[in-house]
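Following: one structure in structure tokens, then a few remarks.
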Amino acid sequence: MNKYNHRDIEKKWQEFWEKEELDKALNFDKKPKFYGLIEFPYPSGEGLHVGHIRPDTAMDIICRKRRLQGYNVLYPIGWDAFGLPTENYAIKTGIHPTVVTKKNTDNIRRQLKNLGFSFDWSREINTTDPAYYKWTQWIFLQFLKRGLAYKKKMAINWCPSCKIGLANEEVVDGKCERCGTPVEKRDKEQWLLAITKYADRLDKDLDTVNFLEKIKTQQKNWIGRKEGINITYLIDGTKETITVFTTRPDTNYGATFVVLAPEHELAMKITTEDNKKTVAAYVNNASKKTEEERITEGRKKTGVFTGRFAINHLTGKKMPIWVSDFVLSGYGTGAVVGVPGHDIRDFEFAKEFGLEIIRVVVGKDYDTSPIARPEQVQEEEGRMVNSGILNGLEIHEATRKIMDYMVEKGWGKKVVTYHLRDWIFSRQHYWGEPIPVVFCEKCKNRKYNFIFIHGYDSTCKTPWKAWLKKELEKRGHAFFGPELPNTANPNVEEQANYILKNAKIDEDTIIIGHSLGGAVMMKILEKIKTKIARAVFLDAVLRPEFNHREIPEVIASSDWKFNFKKIKKAANEFVVLADKDFIIIPKDQSEELGKLFEARVIYVKPNHRHFSRAEIEPEVLKLFDDNGRVPVPEKDLPVELPKVEKYQPTDTGESPLAAISDWVNTKCPRCGGPARRETDTMPNWAGSSWYYLAYLMMEKNPKSEIRNPKQIKNSKFKIRNDEKNLKYLDLRFAGDQFKYWLPVDWYNGGMEHTTLHLLYSRFWHKFLFDLGLVPTSEPYAKRTSHGVILAEGGVKMSKSRPETIINPDDLVKRFGADALRVYEMFIGPFDQTVAWSMDGLAGAQRFLEKIWNFYGQVKLMDCDDGKKPCANAPAGLPQLLHKTVKKVGEDIEAMKFNTAISAMMIFMNFIGKHEAVPRAAAERFLIILAPFAPHLAEELWQKLCHKQSIFREKWPEYDPALAQDQTIKLVLQINGKVRDLVEAAADIGEEEAKELALASEKIKKWLVGKEVKKIIFVKGKLINIVI
RNA sequence: GGCUCAGUGGCGGAACUGGUAUACGCACAACACUUAAAAUGUUGCGUCCUAUGGGCAUGUGGGUUCGACUCCCACCUGAGCCACCA
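If you count the first sequence from 1, position 801 lands on 801 in the numbering used here, and the numbers rise without skipping.
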């Protein structure tokens, strides 16, 4: 046989696999499914280096093994192609990002194909493809509809040199990542996604998934759920109160002052005249401070006194109220109560300004002396002193007791806070998905006439309705809320006719249907000719079905038949507004209304009692006051990026898109008047938050798809063909694919994505689950992570030091893809950081050569079925084979690829010594080798005269009895030290073992003149004589 | 400062649930083959000693145990993530 030459075989098999569609995942196949996922690459100009392909190789091995085990495997790949490096490159060179992206993806695709990864290339996706980001934008619109995307003025990081807003991750040590200029703060309106609304579920549901423990811990810490109490204090000499958040109310007897964040609304409000000037100066200064100044100042505490005092409920003490920037406005209530005896920051603050320090907890050392140094501030355990009713209690008991006490007294309220913040979703860059919203001045100023339809046995004079009327009229809207006929014994038709007769209904009308009024509203909408501006369902009734009771009058009030198609056409927008805690009308009615009318569904805070009490509810007012922000209608998606010559940032802090007037100026989809497009784009994390779904929506080569015949008839499938872009199924109708493939069975990725991408995509998935679009509440069943590969010498491979980057292209040429794959996996434990070594790579190649040479000259004995040894087969071979099959299989599952390869080397070293081996053993070994070195295994398989691909074979079973050793070397110990080894049967009993041990010459020598105290026998392992 | 992880030959690393520490590979050395080299094969390879045997070795110091790389306590070193989060 020829010498092993990877160049002759690797291309050949790659082409063969592609032709055979060996790696194609079939939707709805009968086999069990396996969805293996790796993080899709960013197509950088440098291409891949050897570190990038470690996780790809690992998952490829797992997926190839799964195929051999009879699974229908999906191993997809795509491009996460929006982002700064491409945009920067475009700015520098003037080449359009689309062109750059194309060039880079072509290059990396070539690299990946050369390595023989078994990706299903027919499902390749690209986040910058308008057909793709259409759906990214569509999901954003759903967030908007549900009130989970909102705009807020906030401080952003601003680079005065690049004249561009920076994301947090672009700020390194208070400086711009690109140019090193210190970053400033600037106020700007930003889009945010309300991930905090999902904080609790993101935390709790971690218990339902199989993620590495360290990944769960990191996410839990990032979410930072904490239970505590909001304590409200009276401010002496005013009518104001101040609320602070604390997790340690047990120390409240030791509270001696209160501190507000500079941004706190009370900071200026309560300050006495004498202190106004200094406080104003401090507050002003704090807002201007740059990140860098804050860091260089270190932790030295600064602050100013407001001249006011809060009264400590427990001690009656007057606690001075200060303002300081060590208190964060975004966490808790933006105010803290200072307990300098037991909090290091409070202690430093008290020292700085000479405030009183009281100790209320004693630790193990019983030291109660006043504190002089910060390290004496102790925490975490101890008993209460100087604390009234808490004295003597252990701190955790004290916490429980005082919480209940304060709540009972009405001083405080138990609350849960999170470290997690809402996700800032705006970027002022060109190369990202445009946010599909337009701004319309006319809609902002538009005045509506509201028609309010009250419910069964009700009136329009309740306090809540009166409040709404007042608020709307204050804004210049008209409000018509008539008393409907026969409210105690209503007839929906009659009430609808009453409204039709008495109210003016035109395109500026907003109808609010409250409770049974929702049904009345639908009857009205069935009949009108003009399209009204908005229809609002307010805790509305869709069916006369209620929790807890029956209401015969309501059942009788209507035929409960509605023409939803007609109704849907009668209003421009639908909104469903529901009281989360109202128990009589089942919540699923609101949900259903939301789906019927593709409405915005918003739940208001608890305790509104079906919108009866006159409480200010900003969520409600927001609905009538959207600042002229009009969502782009779904049918107009995608909002494509304009093709332009320049991507330079502007001077104003706006995205480069703002300068493209052709694109920015558009027509308002609501009123048809002139409007401006939103010029912010989405962050990188947007496209990657749902990409694992996009693979399932790909529609290419349908000829080889096994399709459920029912679906072809299904009208949903026809809609797909009307889509402008045929590449992706309509996300709303891809449910069957989702049901088949989800959840992702195994997702491997980097630890650096744990708190960003991994959390964000879990959030999006839960949101889509709530919309009923995906079948699972978690996207990923299992998550593991890989270690980084460092350059030789242990330094990081980085763009700034090109000599450290090891490109796989040359290595594939010199050593072959198989050698590179084997070495990548053998280099060290998969989850740990390891340094690259060229010598090691040569070792992997030698291993493959050894296999090649052996298979080239070995004589195969066709004598057994692999279980029973041939008469003249090498002794011990079946045992070793079954052991190896067991170990390699188990190690792949545990991602212990390095020891799997080592086991195969041991096997190879063994059979390499023989001239003839049973055919079955030689073939089984090739199959377990195949996932690691697919080209070589395939070639040798063919040389063994097989017509079919080795990947159509079955992963070998092992016989547990054979995988176990028959005889062992029994270890003979004296006092735990090994003195001799003897051959013995694996199941040798204690008595026999004792005899063996005492018969040993070496052991006898040690026992001369000694008394045996004890003998310990461990079955199958050792016998230990204690003397 | 917090959280998480790691520390074993010249090097990458192995060791199940506490049971022969150093598997496998690299590097190195000697030998064989060769005119020679490369390649390949064979053998050796923690360290010390009074050496057919024995002592000491898994970052350091203690502890539990018949027995500890493995469990517990304290410390040292390094890595990653977060960081004035009340």
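All residues carry an ideal CB built from backbone N, CA and C; glycine is no exception. Everything numeric in this text was worked out from a predicted model, so none of it was measured.
Can you name the start and end residues of the beta strand (DSSP E) that residue i belongs to?
{"i": "residue 186", "result": "184-193"}
{"i": "residue 228", "result": "226-234"}
{"i": "residue 514", "result": "509-514"}
{"i": "residue 522", "result": "Counting along the chain, residue 522 falls outside any beta strand (DSSP E), though it belongs to the alpha helix (DSSP H) covering 517-527."}
{"i": "residue 947", "result": "No beta strand (DSSP E) holds residue 947; DSSP gives it neither H nor E."}
{"i": "residue 579", "result": "571-579"}
{"i": "residue 166", "result": "164-166"}
{"i": "residue 749", "result": "746-749"}
{"i": "residue 674", "result": "674-677"}
{"i": "residue 1023", "result": "1022-1026"}
{"i": "residue 159", "result": "149-159"}
{"i": "residue 318", "result": "318-323"}
In whole angstroms, what is the alpha-carbon distance linking residue i and residue j?
{"i": "residue 345", "j": "residue 550", "result": "58 Å"}
{"i": "residue 909", "j": "residue 917", "result": "13 Å"}
{"i": "residue 246", "j": "residue 228", "result": "6 Å"}
{"i": "residue 883", "j": "residue 925", "result": "11 Å"}
{"i": "residue 584", "j": "residue 578", "result": "12 Å"}
{"i": "residue 111", "j": "residue 812", "result": "9 Å"}
{"i": "residue 742", "j": "residue 352", "result": "57 Å"}
{"i": "residue 1071", "j": "residue 37", "result": "As displayed, the chain neither begins before 1 nor continues past 1027, which places residue 1071 out of reach and without an answer."}
{"i": "residue 446", "j": "residue 621", "result": "15 Å"}
{"i": "residue 285", "j": "residue 176", "result": "22 Å"}
{"i": "residue 701", "j": "residue 694", "result": "The predicted model places residue 701 with a pLDDT of 44, which falls under 50 and marks its position as unreliable, so this point remains unresolved."}
{"i": "residue 28", "j": "residue 737", "result": "7 Å"}
{"i": "residue 954", "j": "residue 930", "result": "11 Å"}
{"i": "residue 475", "j": "residue 797", "result": "60 Å"}
{"i": "residue 508", "j": "residue 774", "result": "37 Å"}
{"i": "residue 538", "j": "residue 151", "result": "24 Å"}
{"i": "residue 132", "j": "residue 636", "result": "14 Å"}
So residue i is in the alpha helix (DSSP H); what residue range does that whole segment cover?
{"i": "residue 59", "result": "53-68"}
{"i": "residue 435", "result": "From DSSP, residue 435 is part of no alpha helix (DSSP H); its letter is neither H nor E."}
{"i": "residue 741", "result": "735-741"}
{"i": "residue 251", "result": "Segment: none, residue 251 is in no alpha helix (DSSP H) and carries neither H nor E."}
{"i": "residue 497", "result": "492-502"}
{"i": "residue 16", "result": "6-20"}
{"i": "residue 555", "result": "552-555"}
{"i": "residue 766", "result": "757-770"}
{"i": "residue 35", "result": "Segment 33-38 is the beta strand (DSSP E) holding residue 35; no alpha helix (DSSP H) there."}
Tell me whether the beta-carbon of residue i lies closer than 8 Å to the beta-carbon of residue j.
{"i": "residue 357", "j": "residue 347", "result": "yes"}
{"i": "residue 524", "j": "residue 571", "result": "no"}
{"i": "residue 187", "j": "residue 149", "result": "no"}
{"i": "residue 970", "j": "residue 1003", "result": "no"}
{"i": "residue 244", "j": "residue 350", "result": "no"}
{"i": "residue 253", "j": "residue 390", "result": "yes"}
{"i": "residue 657", "j": "residue 430", "result": "yes"}
{"i": "residue 1028", "j": "residue 513", "result": "Summary: the structure shown does not reach residue 1028, with the chain confined to residues 1 through 1027, and so no result is reported for it."}
{"i": "residue 766", "j": "residue 198", "result": "yes"}
Pull up the CB-CB distance for residue i and residue j, whole angstroms please, since I reckon it's below 8 Å.
{"i": "residue 697", "j": "residue 734", "result": "5 Å"}
{"i": "residue 193", "j": "residue 143", "result": "6 Å"}
{"i": "residue 886", "j": "residue 963", "result": "5 Å"}
{"i": "residue 687", "j": "residue 305", "result": "Incorrect: roughly 50 Å between the Cβ atoms, too far for contact."}
{"i": "residue 754", "j": "residue 218", "result": "5 Å"}
{"i": "residue 789", "j": "residue 836", "result": "6 Å"}
{"i": "residue 232", "j": "residue 411", "result": "6 Å"}
Hey, would you say the C-beta of residue i is under 7 Å away from at least one heavy atom of the ligand ZN?
{"i": "residue 265", "result": "In the structure shown, the ligand ZN is absent, as is every other ligand, since no ligand is present at all."}
### Task
Return the chain-ordered ranges of every alpha helix (DSSP H) run that is complete within the region 90-140 and spans a minimum of 4 residues.
97-114
#### Entry: Ranges of the alpha helix (DSSP H) found wholly within the region 830-897, counting only runs of at least 4
838-857, 877-893
### Query
Which parts of the region 897-968 are runs of the alpha helix (DSSP H), unbroken and 4 residues or longer, counting only runs that do not cross its ends?
897-911, 919-929, 934-943, 960-963
### Query
Along the chain, which unbroken stretches of the alpha helix (DSSP H) at least 4 residues long are found entirely within the region 784-828?
808-815, 817-826
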